[in-house]
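The block underneath contains the structure these notes are about, expressed in structure tokens.
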Amino acid sequence: MRQIVILGAGTAGTMMANKLYKSLNSGEWRITVVDQHKTHYYQPGFLFIPFGIYKKEDVIKPKADFIPSGVNLIFSSIDRIEANSNKVFLEGGKVLNYDYLIIASGTKTCPEETPGMKDKLWYKEIFDFYTIDGALALQNFFKYWEGGKLVMAITELPYKCPVAPLEFVFLADAYFTEKGIRDKVDITYVTPMSGAFTKPIATKMLSELLKEKNIKVVPDFYIEHIDNDEKKIVSYDNQEIDFDVLTIVPMNMGDKMIERSGLGDDMNFVPTNKETLRSDAFENIFVLGDASNIPTSKAGSVAHFAAEILFENLMSAIEGRPLYAKFDGHANCYIETGFGKGALIDFNYTTEPLPGTFPLPGIGPFGLLENTKMNHYGKVMFRWIYWHILLKGKELPVEPLMSMAGKKTVN
Amino acid sequence: MAQKTYSGKTLEVTNEGYLVNQADWSKEVAADMAKEIGMELTPKHYEVLEYLRKENATGIPLTIRKVGKSGIVDIKGLYDLFPGGPLKFSSKLAGIPKPVSCV
Ligand SMILES: Cc1cc2nc3c(=O)[nH]c(=O)nc-3n(C[C@H](O)[C@H](O)[C@H](O)COP(=O)(O)OP(=O)(O)OC[C@H]3O[C@@H](n4cnc5c(N)ncnc54)[C@H](O)[C@@H]3O)c2cc1C
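Chains as they are written, first to last, in this note's numbering: chain Z, 1 to 411; chain U, 1 to 103.
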């Protein structure tokens with residue numbers, strides 16, 4: 001029997017397990033998936049928890065429900081990969097041999113990397129909303145907060161779902177408006193980038209929206225440490241910003257297991273060919289989702305589009321053919337903007353988000369780079385699509401490679 | 001696109017002043033670009049610029065953090081060398097494209 005091992009049963013690993021199980025002959029191939037946790041979190045839902053829009057129950061389901069029963073699912077911590085001998089060591093010493101390995105171990109937040117972050121104000125007045133615990137703690141805090149300086153800060157690039165902190169401030173604006181205390185809440189968005197977003201046309205649209213909503217933007221701010229006594233963030237060039245409550249995206253890094261395996265870059269992301277999605281170092285290792293270093297968004301939608309390309313290339317590799325499918329970095333993100341509206345961006349490695357319409361057969365069109373109610377429904381629908389279509393590795397009515405249909409070029 | 005004269009040669013630059021052709025770069029070009037923004041380059045500056053050029057050639061996106069781990073300067077040191085734009089100014093002076101922080 002030949003073996004395919006998938007490391008991680010998050011968005012990417014679950015999708016891949018489903019796709020492979022459907023296509024590979026079960027008499028010939030054994031598929032094994034390993035994850036340390038039994039619960040699958042719908043991470044895009046974390047964004048809505050601080051504002052009481054979602055509850056914990058809305059974002060969790062058992063991982064096992066999404067893995068076909070013919071797939072060997074192991075709950076265990078992964079200690080390391082020994083790529084030279086095609087082996088994976090699990091915690092406790094169990095060893096898995098593989099013919100092909102798919103790394104889908106994602107990225108996680110590392111608050112301990114920034115001095116003063118995981119200190120005495122952690123989960124008291126400093127919160128992340130990239131974890132279920134952080135999102136719930138913040139929900140509790142906001143319930144009783146009477147206003148002051150709310151600072152949303154990003155620590156380091158890259159971080160998963162680059163639009164999430166923007167959505168956070170948009171939703172905060174709406175939340176405090178509805179609570180009737182918006183005039184007492186001062187919202188500031190702090191980023192190490194030169195603008196609200198990295199791509200110029202989207203930055204323009206988003207900056208206007210931020211201005212309209214009276215949200216201040218501080219660009220080029222690279223956090224060196226957090227002063228818990230004075231309640232301020234301090235940058236490497238000694239700029240300071242005071243806060244009453246700080247919501248933060250801690251540094252995102254790949255799992256330590258990647259480092260122990262000697263397969264990562266300086267942030268434990270796996271160097272991966274951005275077109276074929278194969279590891280740069282080993283021919284029988286592919287990388288899907290946030291764990292790779294490909295230069296596009298770390299997002300579930302990207303993992304979904306990339307999964308189709310990875311699948312094609314894995315089949316080619318198995319059959320000894322050259323890898324012909326090429327990923328273009330396609331990302332498609334709904335941006336929740338508050339008050340029942342949303343924006344949509346669709347882009348890839350080379351084409352930045354453009355205005356226009358996004359044709360979605362049967363449902364769309366959605367306005368690109370436009371603030372509309374329809375786009376908000378897109379985001380709401382995304383949760384249903386995530387659990388019922390995305391994870392199960394089914395086709396969405398969206399092509400994996402980006403299309404220019406409906407997009408307007410901007411000079 | 002625009003043109004600029006550095007080190008006695010007319011070179012093509014982007015609208016933001018980054019060299020279009022990396023091969024046009026030389027230490028003298030860097031020194032002239034630095035003068036434009038009121039900077040004087042020291043050997044330490046050049047060490048950073050050489051490092052950036054070498055790293056850029058590998059195709060992996062550069063980050064401030066990565067330069068900070070290079071062993072040449074730490075992050076604070078990089079800010080001191082290139083005030084106001086540690087990665088942007090240093091990339092410009094190194095003759096490599098404007099750093100794209102991946103999204
Ligand atoms: C607040 C927020 C909002 C978001 N919004 C959106 C959105 O609107 N749209 C969108 O497309 N994406 C969004 N995302 C991003 C999306 O959730 C991720 O990109 C996606 O989940 C990545 O999938 P993955 O499989 O690569 O990683 P994950 O889903 O994180 O899975 C990684 C898995 O690997 C396991 N693992 C790692 N290391 C080990 C080990 N050593 N041993 C055992 N198991 C291990 C983990 O337990 C985990 O289950 C959002 C994310 C956040 C945090």
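We put the CB at the ideal spot given by N, CA and C, even for glycine. Owing to the predicted nature of the structure, the values given are computational and were not obtained by experimental measurement.
With a threshold of 16 other beta carbon atoms within 10 Å, His388/Z falls short and is exposed.
Against chain U, a Cβ distance below 7 Å from Tyr222/Z picks out Ile64. About 6 Å separates the beta carbons of Leu81/U and Val48/U, which is inside the 8 Å limit, making them a contact pair. A Cβ of chain U is located within less than 7 Å of the beta carbon of Asp237/Z. Leaving aside the five residues that flank Lys118/Z on each side, the residues in its chain whose CB is nearer than 7 Å to its CB run, in chain order, Pro111 and Glu112. In this structure, Met257/Z has its CB closer than 6 Å to one or more heavy atoms of ligand 1. Here the distance from the Cβ of Pro50/Z to the nearest heavy atom of ligand 1 is not below 6 Å.
Distance check between Pro219/Z and each of Gly356/Z, Lys394/Z, Thr203/Z and Phe48/Z places Thr203/Z closest, using alpha-carbon atoms only. In the same chain as Met404/Z, and ignoring 5 residues on each side of it, no C-beta atom comes closer than 7 Å to its own.
Using beta-carbon distances, Asp227/Z does not count as an interface residue toward chain U, since no partner is under 7 Å. Judged by beta-carbon spacing, Glu91/Z lies beyond the 7 Å limit of Ser69/Z, meaning their Cβ atoms are not closer than that value. For Asn375/Z, the enclosing alpha helix (DSSP H) stretches over residues Lys373 to Ile385. Residue pairing for Ser292/Z: DSSP places it in a beta bridge opposite Val270/Z.
Counted as a single uninterrupted DSSP element, the alpha helix (DSSP H) harbouring Ile309/Z occupies residues Gly300 to Ile318. Note on Asp133/Z: under 16 other CB atoms within 10 angstroms of its CB, so exposed under the neighbour-count rule. Among the CB atoms of chain U, none fall inside 7 Å of the CB of Asp244/Z. In terms of Cβ geometry, Ser261/Z and Thr272/Z do not form a close pair [threshold 7 Å]. Taking the Cβ atoms as the reference, Lys407/Z lies roughly 33 Å from Phe66/Z, outside the contact range of under 8 Å.
Residues of chain U whose Cβ lies closer than 9 Å to the Cβ of Asp266/Z are, in chain order, Thr63, Arg65, Lys66 and Lys69. Bounds of the alpha helix (DSSP H) holding Phe142/Z are Ile132 to Tyr144.
Within chain Z, the residues whose beta carbon sits less than 8 Å from that of Ile75/U are Tyr222, Glu224 and Tyr236, listed in sequence order. Distances from the alpha-carbon of Val245/Z to those of Met251/Z, Pro359/Z, Asp227/Z and Lys160/Z put Asp227/Z closest. For Asn332/Z, the enclosing beta strand (DSSP E) begins and ends at Ala331 to Gly338. The beta-carbon separation of Glu156/Z and Met251/Z, rounded to 4 Å, stays under the 8 Å limit for a contact. Ligand 1 never approaches Ser91/U closely enough for any of its heavy atoms to be under 6 Å from the residue's Cβ. For Ser403/Z, DSSP assigns no beta-bridge partner whatsoever. The criterion of a C-beta distance shorter than 7 Å is not satisfied by His330/Z and Leu390/Z. For Glu156/Z, the chain U residues whose C-beta falls within less than 7 Å of its own C-beta are Arg65, listed in chain order. Looking at the backbone, the Cα of Val88/Z and that of Gln43/Z are separated by about 27 Å. For Asn293/Z, the number of other beta carbons within 10 angstroms of its own is at least 16, and it is reported as buried.
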